[in-house]
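Right, one structure below, let's go through it.
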Amino acid sequence: MQVYVRDQDAKTDYKWAHGRLLRRVANSVSHVLVQLNKSEKTVEVDEAQDVRMANELADGQKLADVEDLDVLTHLHEPAFVDYLAQRYSLDQVYCRSGAVLIAVNPFKEISGLYDLHKFHKEMLDWTALPPHVFSTAEGAYRSLRRRLQEPGESKKNQTILVSGESGAGKTETTKFIMNYLAESSQQADMASRSERKRSISGSELMSANPILESFGNAKTLRNNNSSRFGKFVRMFFDGHELDASLRMVGTSVETYLLEKVRVVHQNDGERNFHVFYELLAGAEDAMKKELHLENMSVLDFQYISGGRCFQRNDGHT
């Protein structure tokens, strides 16, 4: 029987390893013998504390092929981590648990992963869409449209909550969602015979992001472009009952919990908000003269050099 066993000799903080349950130790109520798959070493461990059951799959099925965690029998820590690691190794960074989408930041470009044209071609069978941020956005968009087509149904807002620790990819995920909804709205608007004003395009919507990120994002130890504030984004759609088309007519962003202390203090290896470095690096001579920044560098200002970090590691200023 395949299990996960806590390996006390592991050289990393993560102690769980694959193993095979052999038998119970003689004259012991709780101790069992487990053979580690990697080293073939046999260890005696406490069954309750140090052993977790592995998921049994159908013949020929691989753990990485499973897209929904709900079909797995065991969802304890080692089973969950092993599942994510196997999918991650194949560049499958998305999975789902029921209606919840789980994303692992790949920290690299994955070819075709966010190709809107490719995704729309695969969208012919809505029920078979893979776990993906676009699938989540499409679900919200279809729910809005369905309310237009069903007589007597009250219009209901749709909400997508993006959460995670610093560096998990919340900012980029939010941008993917916004861009997808804008582009889907524009395509539906172009196909509609309505003479209403055109929908906002994805490029128009995304053009506002650099400004927001300049004043609200900063480099931290774990993230080159970390949002140092929370935001509540509203996207407004104008529905047309005749053809159930939705036109995006505007957006709004409410910000809260801005990390104001960063203006006067940064930890070692971190920076102040991007805008200060962008100003010094990109301002034209006339503006620098007006702001008395001629021949000045980051080192001339304590408030933006306190963290002793002056460059991002992602190619941006």
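Numbering (this note's numbering), first residue to last: 39 to 355. Note that the Cβ used here is the ideal one computed from N, Cα and C, for glycine as well.
DSSP, reduced to helix, strand and coil, places Q340 within a helical segment of the structure shown.
Annotated as proximal: G205 and R260, with beta-carbon spacing under 8 Å. DSSP places T174 in the uninterrupted alpha helix (DSSP H) bounded by V171 to Q187.
The Cβ atoms of V104 and L110 sit closer than 8 Å to each other.
Contact check between the region 114–134 and the region 162–182: three or more CB pairs, one atom from each, fall below 8 Å, which counts as touching. Under a 10 Å Cβ-count criterion, I148 is classified as exposed, with fewer than 16 other Cβ atoms of the shown protein chains found around its own Cβ. Per DSSP, I140 is one residue of the beta strand (DSSP E) stretching across V138 to A141.
In this structure, S68 and E82 do not form a Cβ contact; the two beta carbons are roughly 11 Å apart against a cut-off of 8 Å. The alpha-carbon of T80 is positioned some 12 Å away from that of A55. Per DSSP, reduced to three states, the secondary structure at A55 is strand.
Taken atom to atom, the span from the alpha-carbon of E176 to that of F157 is near 10 Å. If only uninterrupted beta strand (DSSP E) runs of at least 3 residues are considered, those enclosed by the region 255–330 are 268–278 and 283–294. Setting aside the 5 residues that flank it on each side, I238 is surrounded in the same chain by A220, S223, Q224, M286, V287, G288 and T289, each with a C-beta closer than 8 Å to its C-beta; the list follows chain order. The region 331–347 makes no contact with the region 289–299; the number of CB pairs closer than 8 Å stays below 3.
Selection Y52, S77, V43 and D51 evaluated against L71 yields V43 as nearest (Cα-Cα). The C-beta separation of L318 from G254 comes to about 18 Å, leaving the pair out of contact by the 8 Å criterion. Listed as beta-bridge partners of T80 by DSSP are Q73.
The Cβ atoms of K257 and E308 sit closer than 8 Å to each other.
The C-beta distance from K213 to S265 rounds to 11 Å, too long to meet the 8 Å contact threshold.
Straight through space, the alpha carbons of C347 and D306 are spaced by roughly 7 Å.
By the Cβ neighbour-count rule, Q304 is buried, with 16 or more other Cβ atoms within 10 Å of its own. Around the beta-carbon of A117, 16 or more other beta-carbon atoms lie within 10 Å, marking it buried. For L60, the secondary structure class from DSSP, reduced to helix, strand or coil, is strand. When C-alpha distances from V89 are compared across H155, G57, S66 and L122, the shortest belongs to G57.
Secondary structure at S223: helix, using DSSP grouped into helix, strand and coil. By alpha-carbon distance to S173, the top candidate from L182, R184, R183 and M161 is M161. Membership of S245 in any beta strand (DSSP E) is not indicated, and neither H nor E is assigned to it by DSSP.
DSSP places Y218 in the helix class (H, G or I) of the three-state scheme.
Residue burial annotation: Y121 is buried, with at least 16 other C-beta atoms found within 10 angstroms of its C-beta. L243 counts as buried, since at least 16 other C-beta atoms from the protein chains shown sit within 10 angstroms of its C-beta.
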